[in-house]
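Numbering (the numbering used here), first residue to last: 48 to 164.
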Amino acid sequence: MDLLKDLEWRRIIYQQTDEEGIKDLLSKEKISLYCGVDPTADSMHIGHLLPFLTLRRFQNAGHRPIVLVGGATGLIGDPSGKSEERKLQTLEQVQLNVEGIQKQLGKIFDVEGENGA
48 MDLLKDLEWR
58 RIIYQQTDEE
68 GIKDLLSKEK
78 ISLYCGVDPT
88 ADSMHIGHLL
98 PFLTLRRFQN
108 AGHRPIVLVG
118 GATGLIGDPS
128 GKSEERKLQT
138 LEQVQLNVEG
148 IQKQLGKIFD
158 VEGENGA
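Structural data, given as structure tokens:
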């Protein structure tokens, strides 16, 4: 099963624009794609699972995943649509959170090799 069919079967893709163009692109080129997260804790949470596993599926198909673990966004207390601001963190705490998340990412993604994360 090709990558897009697999993602549709898993109901990760429900709808898309230019399906043929995307299929053509993925069959001819290896792309880079990313997911960004804020380092609000020293470990990942369940909300990271679907995007990270989807990136891993792309990596398994030869594409290059990029996971951005924000630094500045972890410092500013962005409310992200919530009714309250996040608790402000120190630079040292954000750095510890980034390190903790990076260790976990190394268990999900292949960080070595041609298409390493």
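Even for Gly, the Cβ is constructed at its ideal location relative to N, Cα and C.
Fair warning: this is a prediction, and the values are worked out from it, not measured in the lab.
Beta bridge counterpart(s) of Gly-83 as assigned by DSSP: DSSP lists Leu-115 as the bridge partner or partners of Gly-83.
With DSSP as the reference, label Leu-100 as helix, strand or coil. Taken through DSSP and simplified to helix, strand or coil, Leu-100 comes out as helix.
Proximity winner among Glu-76, Tyr-61, Ile-123, relative to Val-141 (alpha-carbon distances): Closest by alpha carbon: Ile-123.
Going straight from the alpha carbon of Leu-54 to that of Glu-161, what length do you get? The straight-line gap separating the alpha-carbon atoms of Leu-54 and Glu-161 is approximately 23 Å.
Val-158, DSSP secondary structure in three states: Assignment of Val-158 by DSSP, reduced to helix, strand and coil, places it in the coil class.
Enumerate in chain order the residues of its own chain whose CB-to-CB distance from Leu-138 is below 7 Å, with the five nearest sequence positions on each side excluded. Leaving aside the five residues that flank Leu-138 on each side, the residues in its chain whose CB is nearer than 7 Å to its CB run, in chain order, Leu-122.
Taking 8 Å as the cut-off, decide whether the C-beta atoms of Pro-86 and Gly-117 are in contact. Using a Cβ distance threshold of 8 Å, Pro-86 and Gly-117 count as a contacting pair.
Nearest neighbour of Gly-109, chosen from Lys-75, Glu-146, Gln-62, Lys-52 [CA to CA]: Answer by Cα proximity: Lys-75.
If you compare alpha carbons, which of Gly-83, Tyr-81, Arg-58, Lys-52 is closest to Lys-70? Among Gly-83, Tyr-81, Arg-58, Lys-52, the Cα nearest to that of Lys-70 is on Lys-52.
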